[in-house]
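Novice: Would you mind keeping the following structure in view while I ask a few things?
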Amino acid sequence: MEQHAIPGARFVDPKVLGRIGNLEILARTVVEGFINGLHRAPYFGASIDFAEHRGYVAGDDIRRVDWRLYARTDRYYVKQYEADTNTNLSVLLDISRSMSFASRGIPKLEYASYVGACLAYLAQRQRDRVGMITFDNDLVDHVPPSAKHFNVVLHTLDRAKAARPGNLAVPLNKMAEHFKRRGILVLLSDFYEEPDAILDAIKPLKFIGNDLIVFHVLDQAEIDFGFEDASSFEDLESGEQIPVVPESLRAEYRSMIKAHIEALTTKFSDHRIDYTLLNTAEPLDRALFSYLSSRERLMRVR
Amino acid sequence: MSFLTPFFLLGLGAIAVPVLVHLIQRERKRVIEFPSLMFVRRIPYQSVRRRRIRHWALLLLRAAAIALIVAAFARPFLPQSAAANAVTGGAREVVILLDQSASMGYGDHWSRAQDAARTVVRGLGADDKATLVLFARNAEENMRATADRSRLEAAINAAAVSSGATRYGPALKLGESILSRSSLKRREAVLISDFQKSGWSGSDDARFAEGMTLTTVSVASKDTANLSVPSVSFARSTFSGQERVTVTAGLSNKGDQPLTDVPVTLTVDGHEIETGRATVAPHASSSIGFTQFTLASANVRGVVKAGSDPMPADNSFYFALTPGEAVSVVIVNGTDRADDSLFLSKALAIGTTPTFKVDVTSTSRAASGTFDKRAVVVLNDTIFPPAGAGGVLKRFVERGGGLLVIAGDRTTWPSNETELLPGKLGAAVDRTSGRSGSLGFLDYSHPIFEVFKAPRSGDFSAAHVFRYRALQPNPGDRVIARFDDGAVAALEKTVGAGRVIVWTSPLDDTFTDIAVKPIFLPLVHQLARYVAHYEPATSWYTVGQVLDLTARAKARSDRIVVTPSGERQNRISAGEGAEGLLELEEQGIYEVRSAVASGGRPEAIAVNLDPAESDLTALDPNELVATVTGHASQAQAQSATEPQEMTREESERRQGLWWYLLLLGLAILAAETMIANHLSRKEKFL
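One line per chain: the protein sequences are R and Y, in this order. Here this note's numbering = 1-based position in the first sequence + 1389. Here this note's numbering = 1-based position in the second sequence + 461.
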């Protein structure tokens, strides 16, 4: 693979970005950015857009007292503005061992890294703060969201190695405690757990109003189980081996993975979490385009 | 079956391969890594199934195919003899020699022996013939050569332990004669016994010819404990005209453990006299005495029983006692002086076994009736009594009476009694000058002198003889003693059923001092017993002895014999050859009574086991086999009987079994492939 001056720059495929550049990333409900007026910040702040008045309490900055209103009412009121600001985009990347799987093309982890890098790049272009967290059965790397951390994020993505078994509940719970500020969270994983367990693990991320975007990354072989020869199948995470005749097992497997995806779709939808299935066999730009299109469409509906 | 290249059989270990592959191998060489087997695992077939065998038929087919192919490479062939037998049928002549001696009654020996015999019978082929020979002291064909197994088994079941002693010689001889008569090629004898050492002398002339085999089946137990009563002795005494008997029983312990406090009971005529306690050390003997009891009548039956053990038969000892009868003796002196026969009559009067009833008379007083109902007549230095002349005395002797002639100066030898009196009587010979005479030769083989045979059992040379009557023996007379000068000292002649003995010197203190020598008393008793045909009453016999009822018959009448088991046997009047003989085959009391007279107490004959049967020491069956067959072991005997075999290669080449095995193995492999393919299509997991 060709090397770039900036580590991780290879993730930013110009072709992909050429298509994504025409799109806008829009936060869902309360997340708003102020760059080009596209985002609206979820917090009140030093902005030019007045929001409301509130009674003065001790400790408030006296510079924010509305003296005109004081003149009219003889009471101290503080003016509050809607803080149009940059938002935080955190890429939560599952680097458990199962993400290293690749049947023909690129491994799932690499594919997910592309997705994460693309999104980070987009966010950076919008002057959003970009951070990232990698996890397996615990937190591995943590890059706090920052406008200057784009390169660090790319570096972290480049460095990520799928080495250990994964578990969603522990690391996501820790993350939920970690996020103090609303933002956009992009979770990339293959979700090899029961749908209910996955949802239970993810729900805390939404507690403080984060906008959660979930990408379910699967290899084509994981979806269609297109193996031919009878072989021993080894679980990448547990190491367990089961001798399998794929031909006999395929139909049942397909129906089960389909049921799994449908269950995830339903449950995420119920909890207003954006869920997208990414097939590593499909082009990366198409996946992003498909997602961002759906986001835009949703925004219009609102 | 043998193999030309048995080394290839190591390949049978390959049978384990399919099993191990089935059970142990849990992964294929090709392993596909998969992110998660979460869904694969959910499909309702557990990987655990790999660890157990699901297709037994398939496994067996594989194992069979491997075994057959390996066997084919090992080049199997049937040995020549087996092959020949397979063709000819290999009919056998089998003789089952089943020991039924008393010792087989020990523990479960007999049932095991029967089982072994039945096993032999069940192993008979369709063309085989078997003969059952039951043996103890003697052997008899119980079932003649037959192929009927059910009859043989019935005969074995019906057989029982006898009281006989063990003797292998007759059985082996009978077995050999049966086999030698057989026309069948394979001739086998199977000897089933406890192999008592006492039953085999090694010198028994039993030899099997070449081609006959002897197989032994031993039912002997390793550790045998056996208490027996091998003998009983009686001390008799007379009190108030009645005989009293003190019984002393001998006990023998053949076991390794001491026996303590063993109850020993004496029972007489059904009444328990006494129970004593005895202790017997291992491999030792001991004795126990009982209280004296009065022997009031004849044929008193007794039994001594000691303890209990796995062989109860020899724990009992039977006996029958009868009070002794006095031997009636009449001494005829040459004069009326009472002291003429003082020494003689006194010597006889103190006899106990038997007691002698002595009457003394003189030639002048003797009448023809004097000799009636006498057992012995002693002519003590007297002329031939007129009362005995005319054949009276001769007839008395011919009927079984005893005549003892003590030749002295007065003794005469009538010419008409030469048929009665032995030899020709000559003049008196004086040995007064010089050295006196003495007894120089005694025929110790004669019953009279037999008791003096052992050293220090009587010094006849100590008696001095100064005068004796010369006696010239006739042909047929037996000189039983001579003086030191060669003259006859004692001469015997048998007349009819009776005996006549002439002693040529006086048996008192005239012309000899023999009457004051220690040998006098026993000599006189021996002379009287012998001429009186005295036989001490036998209190018991041993199984196997033959009794001559003729000698015991007091009346010529038919007799009924009741055996201890209750069987009645009618015996025609005694004296008619074998009809008068009774073989004692059972332990216990035989009763012999007259078929005519129903009253009175029957004669009792006590019979006991041979004491040798109590010694269960076993002999090595191989020793017996080696002696009988002439081969060190049965295997050698077998090989000696076999004809020259073909070489192994030749045998194998003629048979070529491996072709069939190989083809069968390959066919099974083909079938296995088809079945395995069919099954694998249905499998979701390997």
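Each residue gets a CB set at the ideal place from its N, CA and C atoms; glycine is no exception. All of these numbers come straight from a predicted model, not from anything done at the bench.
(1) Taking three-plus beta-carbon pairs below 8 angstroms as touching, is the stretch 1475-1495 of chain R in contact with the stretch 1577-1587 of chain R?
(2) Give the DSSP-derived three-state secondary structure of Leu1576 (chain R) in the structure shown.
(3) Buried or exposed for Lys914 (chain Y), going by 16 or more other Cβ atoms inside 10 Å?
(4) Spatial neighbours of Gly566 (chain Y) within its chain, please: CB distance less than 8 angstroms, with the 5 preceding and 5 following residues excluded, ordered by chain position.
(5) Among the residues of its own chain, which have a CB less than 6 angstroms from the CB of Asp1530 (chain R), if the five just before and after it don't count?
(6) Would a C-beta distance cut-off of 8 angstroms place Ala1137 (chain Y) and Leu519 (chain Y) closer than the cut-off?
(7) Which same chain residues, not among the five before or five after Gly737 (chain Y), have their C-beta less than 6 angstroms away from its C-beta?
(8) Exposed or buried, what is Thr627 (chain Y) when buried is set at 16 or more other beta-carbons lying within 10 Å of its beta-carbon?
(9) What residues from chain Y crowd round Leu1557 (chain R), counting only those whose CB sits closer than 8 angstroms?
(10) Our contact map puts Arg610 (chain Y) next to Val582 (chain Y) with C-beta atoms below 8 angstroms; I'd like the distance itself, whole angstroms only.
(11) For Asp1071 (chain Y), which of Y:Trp1120, Y:Gln1006, Y:Leu1085 has the nearest alpha-carbon?
(12) When you compare each of Y:Asp560, Y:Arg1029, Y:Val480 to Gly630 (chain Y) by their alpha carbons, which one comes out closest?
(13) Considering only their Cβ atoms, is the gap separating Arg939 (chain Y) from Ala889 (chain Y) smaller than 8 angstroms?
(14) How many Å lie between Lys978 (chain Y) and Ile1021 (chain Y) at the Cα?
(15) Using the beta-carbon of each residue, which ones in chain Y are nearer than 7 angstroms to Val1606 (chain R)?
(16) For the candidate residues Y:Val949, Y:Val791, Y:Ile1050, whose alpha-carbon lies nearest to that of Arg762 (chain Y)?
(17) Between the alpha carbons of Glu1413 (chain R) and Asp1517 (chain R), how many angstroms are there, rounded?
(18) Suppose the cutoff is 6 angstroms on Cβ atoms and the five residues either side in sequence are ignored; what does the same chain contact list for Thr1654 (chain R) look like?
(19) So, under 8 angstroms CB-CB, Leu1588 (chain R) and Lys1656 (chain R) are touching, yes? Tell me the CB distance rounded to an integer number of Å.
(20) According to DSSP, is Tyr1121 (chain Y) part of a helix, a strand, or is it coil?
(21) Checking contacts by CB at 8 angstroms: is Glu1611 (chain R) closer than that to chain Y?
(22) Could you pull out every unbroken beta strand (DSSP E) segment of at least 3 residues lying fully inside the stretch 525-602 of chain Y, listed in chain order?
(23) Taking Cβ to Cβ, would you say Asp412 (chain Y) is nearer than 8 angstroms to Gly898 (chain Y)?
(24) What does Tyr1581 (chain R) touch in chain Y if you count any residue whose Cβ is under 8 angstroms from its own?
(25) Counting C-beta neighbours from all protein chains within 10 Å, is the total for Glu1133 (chain Y) 16 or more, i.e. buried, or is it exposed?
(26) Taking the C-alpha atoms as reference points, what is the distance between Thr824 (chain Y) and Gln987 (chain Y)?
(27) Using a Cβ-Cβ cut-off of less than 7 angstroms, give me the residues of the stretch 1561-1587 of chain R that come near chain Y, in sequence order.
(28) Tell me the start and end of each unbroken alpha helix (DSSP H) in the stretch 969-1013 of chain Y that is at least 4 residues and wholly inside, in chain order.
(29) For Glu1037 (chain Y) and Asp1009 (chain Y), what's the separation of their Cα atoms in angstroms?
(30) Secondary structure at Phe1433 (chain R), three-state DSSP: helix, strand or coil?
(31) Strictly below 7 angstroms CB to CB, what residues from chain R border Ile504 (chain Y)?
(32) Could you compute how far the alpha carbon of Ile1650 (chain R) sits from the alpha carbon of Gln1513 (chain R)?
(33) Put Leu613 (chain Y) into one of helix, strand or coil per three-state DSSP.
(34) As a quick exercise: from Y:Thr580, Y:Glu1064, Y:Leu727, Y:Ile867, pick the residue whose alpha carbon is nearest that of Arg930 (chain Y).
(35) Which term fits Ala547 (chain Y), buried or exposed, when burial requires 16 or more other beta carbons within 10 angstroms of its beta carbon?
(36) Residues in the same chain with beta-carbon distance under 6 angstroms from Leu765 (chain Y), minus the five sequence neighbours each way, listed in chain order, please.
Specialist: In terms of the structure at hand:
(1) yes
(2) strand
(3) exposed
(4) Val622, Met772, Pro773, Ala774
(5) Thr1523, Thr1545
(6) yes
(7) Val725, Ile749
(8) buried
(9) In chain order: nothing, as chain Y lies at least about 13 angstroms away.
(10) 5 angstroms
(11) Y:Gln1006
(12) Y:Asp560
(13) no
(14) 50 angstroms
(15) Residues of chain Y passing the Cβ test: none, with the nearest at roughly 10 angstroms.
(16) Y:Ile1050
(17) Confidence at Glu1413 (chain R) is low in this model, with a pLDDT of 32, below 50, so the placement of that residue should be treated as unreliable; the coordinate-derived value is given next. Going by the C-alpha atoms only, they are around 13 angstroms apart.
(18) Tyr1664
(19) 5 angstroms
(20) helix
(21) yes
(22) 553-560, 590-596
(23) Coverage of chain Y is limited to positions 462 through 1147, which leaves residue 412 (chain Y) absent and any answer about it impossible.
(24) Pro496, Ser497, Met499
(25) buried
(26) 25 angstroms
(27) Asp1579, Tyr1581
(28) 981-992, 1010-1013
(29) Reliability of the predicted coordinates at Glu1037 (chain Y) is poor, the pLDDT of 49 falling under 50, and the value obtained from them is presented with this limitation in mind. When rounded, the distance between both Cα atoms is 11 angstroms.
(30) Confidence in Phe1433 (chain R) is poor, its pLDDT being 42 and thus under 50, which makes the residue's placement too unreliable to answer from.
(31) Leu1638, Glu1641
(32) 31 angstroms
(33) helix
(34) Y:Ile867
(35) The predicted model places Ala547 (chain Y) with a pLDDT of 44, which falls under 50 and marks its position as unreliable, so this point remains unresolved.
(36) Before going further, note that residue 765 (chain Y) is Val rather than Leu in the sequence given. The residues are Val690, Val693, Ala710, Leu727, Phe778.
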